[in-house]
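Participant: For what it's worth, my numbering labels the leading residue of the sequence shown as 339, then goes sequentially. All residues carry an ideal CB built from backbone N, CA and C; glycine is no exception.
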Amino acid sequence: MVDNHGARSIVQRAMNIASSVSHPGPHRPADIAEFDSHYVLPGDRGRGLLLVCDHARNALPKVYGDLGLPASDFDRHIAYDIGVEAVVNGLSARLRLPAVLSCFSRLLSDPNRGVNDPTLIMQLSDGAVVPGNRDIDEAERKFRLSHFYRPYHRAIEAEIDAAIAEGSPPVLLSVHSFTPAWKGLARPWHAGLLWEDDRRCSDLFIQALSADPNLVIGDNEPYAGGLAGDCMNTHAVKRGLPHTLLEIRQDLISDDHGVSQWIERLADAIEAMIANNQIKDLTLTPAGDI
């Protein structure tokens, strides 16, 4: 708990740092011409699964500098989901699955939030003041949405539309990572599957991963799925597509060995689901009809 003195100290620190951070603006498309908002990995849409990675990288366009933050903050979960880009790339390559991944830090704008969510552009994240976000105006907010957030979401939408046009409505698998502890409390799960109303895909992964007695797999843990306007809500729930959000504890995929282990584990599970038509079967009954 932060007392009044501590709260005032945080605010004062934010003001002091913000005064030293330049806020060039309004930004122009030319300022970010060499920065991609996302990238798409090709795959076999007929396999029925689309990988999504909202928080793949901790990168910012040069014009934004470091948003007034120390370099160490860009190694934390507040900037990106540690390990997930490598996991998604590995799964896409091994299983021939299409994937859409963001290229910008969630500190710039969080693609896993709705456009009206107050945490879309964070000014304070897990105790870290973000000076470069403190004084942005509506024009800058719209710029970030137009050039980072929306192109990423349009890419996901386009990939879904293409799969449907080919006769293979996709199941969406969104891959994230979470911290080993939160507010001083250890999180015992090695991974968790999050869902809102349609838990069918989550149940497949929970069953497959729980077959390993050494793993603790959370069911809507470390927190519940279902956030209005988030990525799965926008692209899966509202379109009636089966989906799940996979959270892997970040310390388990923070190095190449851990990443390889989880690629192997997940690839085996997904390959079995595809071979047994479990992925395809999910799409035969729209989520809205269950």
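Quick check on glutamate 609: buried or exposed, where buried means 16 or more other Cβ atoms within 10 Å of its Cβ?
Facilitator: By one-based count along the sequence shown, residue 609 stands at place 271. Result: exposed.
Participant: Look at the alpha carbon of arginine 346 and the alpha carbon of histidine 581, and state the distance between them as a whole number of angstroms.
Facilitator: Working through the sequence shown from its first residue, we reach residue 346 at position 8. Working through the sequence shown from its first residue, we reach residue 581 at position 243. Unreliable placement is indicated for arginine 346, whose pLDDT of 45 sits below 50; no coordinate value is reported for it.
Participant: Are the CB atoms of leucine 458 and aspartate 473 nearer to each other than 8 Å?
Facilitator: In the sequence shown, the residue the question calls residue 458 occupies position 120. In the sequence shown, the residue the question calls residue 473 occupies position 135. Taking 8 Å as the Cβ cut-off, leucine 458 and aspartate 473 do not qualify as a contacting pair.
Participant: Indicate whether valine 390 and serine 506 have their beta-carbon atoms separated by less than 8 Å.
Facilitator: Walking along the sequence shown from the start, residue 390 turns up at place 52. Walking along the sequence shown from the start, residue 506 turns up at place 168. No, the pair does not count as a contact, with Cβ atoms beyond the cut-off.
Participant: When we look at the beta-carbon of aspartate 411 and count the other beta-carbons within 10 Å, is it buried (16 or more) or exposed?
Facilitator: Here residue 411 corresponds to residue number 73 of the sequence shown, with the count starting at 1. Burial call: buried.
Participant: Per the DSSP calculation, glycine 556 is bridged to which residue(s)?
Facilitator: By 1-based counting over the sequence shown, the position of residue 556 is 218. BP columns for glycine 556 point to Gly530.
Participant: Between asparagine 615 and the rest of its own chain, which residues show a CB-CB distance below 7 Å, the 5 nearest in sequence each way excluded?
Facilitator: The residue labelled residue 615 in the question sits at position 277 within the sequence shown. Correct list: empty, nothing qualifies.
Participant: Decide if the region 421-436 is in contact with the region 552-572; the criterion is three or more beta carbon pairs, one per stretch, under 8 Å apart.
Facilitator: No, because fewer than three Cβ pairs between the region 421-436 and the region 552-572 fall closer than 8 Å, the two stretches do not touch.
Participant: Please return the same chain residues whose Cβ sits closer than 6 Å to the Cβ of glutamate 504, not counting the five positions on each side in sequence.
Facilitator: Counting from one through the sequence shown, the residue named residue 504 turns up at place 166. The residues are Arg383.
Participant: Should leucine 405 be labelled buried (16 or more other beta-carbon atoms within 10 Å of its own) or exposed?
Facilitator: Translated into the one-based positions of the sequence shown, residue 405 becomes position 67. Answer is buried; the Cβ neighbour count reaches 16.
Participant: How do the region 567-580 and the region 482-501 stand: do at least 3 beta-carbon pairs fall below 8 Å, yes or no?
Facilitator: With a cut-off of 8 Å, the region 482-501 and the region 567-580 count as touching, because enough Cβ pairs lie within range.
Participant: Measure the alpha-carbon distance for valine 359 versus glutamate 372 and round it to whole angstroms.
Facilitator: Along the sequence shown, read from residue 1 onward, the residue named residue 359 stands at position 21. Along the sequence shown, read from residue 1 onward, the residue named residue 372 stands at position 34. For valine 359, the predicted structure reports a pLDDT of 49, less than 50, and the residue's modelled location is therefore unreliable. A value from the coordinates is still provided. C-alpha separation (whole angstroms): 23 Å.
Participant: If you draw a straight line from the alpha carbon of histidine 528 to that of aspartate 550, how long is it in whole angstroms?
Facilitator: Within the sequence shown, numbered from 1, the residue matching residue 528 stands at position 190. Within the sequence shown, numbered from 1, the residue matching residue 550 stands at position 212. Looking at the two C-alpha atoms, the distance is approximately 11 Å.
Participant: I think serine 375 touches tyrosine 490, with their Cβ atoms under 8 Å apart; what is that distance to the nearest whole Å?
Facilitator: Stepping through the sequence shown from its first residue, residue 375 is reached at position 37. Stepping through the sequence shown from its first residue, residue 490 is reached at position 152. Between tyrosine 490 and serine 375 the Cβ distance is about 5 Å, and since that is below 8 Å, they are a contact.
Participant: How about leucine 532 and glutamate 602: are their beta carbons less than 8 Å apart?
Facilitator: Position 194 of the sequence shown, counting from 1, holds the residue named residue 532. Position 264 of the sequence shown, counting from 1, holds the residue named residue 602. No, the Cβ-Cβ distance between leucine 532 and glutamate 602 is not below 8 Å.
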